[in-house]
Amino acid sequence: MIDIERAINGRPAQERLALRQELSAPLVADLEEWMRENRSKLSKNSDVAEAMDYMLKAWPAFAAFLDDGRICLSNNAAERALRGIALGRKSWLFAGSDRGGQRTAFMLSLIGTAKLNDIDPQAWLADVLARIADIPQHRLHELLPWKWRTAEDQREAA
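Now the structure itself:
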């Protein structure tokens, strides 16, 4: 399945979904069947049985990538995104207060989301800060990274 994911990486979500249904779904079904058949052959206290039980309990979450082309099979991108946070952990002991820590976490989440949407976080944040005071509350969602268009882009579209 990892080889299939490498081959389809970067393709549009709909195309990834179709290829997963064709190529990965049969492998996933075979794996689940094999695990369910062989689990009963193992000792209840076996490390392998424990791992299989964990996997089978989490099966719907694991198999979700077969139903949505946007979902990644692995969590490598999430782990890479968190690496900077882990490295800065000691520095953030000095956020000043719990509220300062919460604000830092909020901003890191928004900046990480901008990066995941291939948006320059600095350009996005500068544009949002310049425009946020003039946008009605019911339209604030337009400034979120996955919906964001610069003011210039909006003028061109109008």
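Each residue of the sequence shown is one higher than the one before, counting from 1 in the working numbering. Yeah, the Cβ is synthetic: ideal placement off N, Cα and C, and Gly gets one too.
Indicate the three-state DSSP secondary structure (helix, strand or coil) for residue i in the structure shown.
i    : result
Asp3 : helix
Residue range of the alpha helix (DSSP H) that residue i falls in?
i      : result
Arg139 : It is not in any alpha helix (DSSP H) - Arg139 carries neither H nor E in the DSSP assignment.
Trp124 : 121-131
Gly112 : 98-116
Arg16  : 13-19
With distances taken between CB atoms, is the gap from residue i to residue j smaller than 8 Å?
i      : j      : result
Ala64  : Val28  : no
Ile111 : Pro121 : yes
Leu108 : Ile135 : no
Leu87  : Met1   : no
Leu31  : Ile4   : no
Ser43  : Ala51  : no
Within 7 Å: the Cβ of residue i and any heavy atom of the ligand ZN?
i     : result
Asp53 : In terms of ligand content, the structure shown is empty, and the ligand ZN therefore cannot be addressed.
Looking at chain D, is there any beta carbon in it that lies within less than 8 Å of the beta carbon of residue i?
i      : result
Asp118 : Looking at the structure shown, chain D is missing, and only one protein chain is on hand.
Contained beta strand (DSSP E) runs [length at least 3] in the stretch 21-95, N- to C-terminal order: none
Can you confirm whether the stretch 59-77 touches the stretch 5-25 when touching is taken to mean that 3 or more C-beta pairs between the two stretches lie within less than 8 Å? yes
Determine, using beta-carbon pairs with one atom in the stretch 49-64 and one in the stretch 29-37, whether at least three such pairs fall under 8 Å. yes
Between the stretch 2-14 and the stretch 75-86, can you find at least three pairs of beta-carbon atoms closer than 8 Å? no
At a cut of 8 Å, does the stretch 142-149 reach the stretch 109-117 through at least three beta carbon pairs? yes
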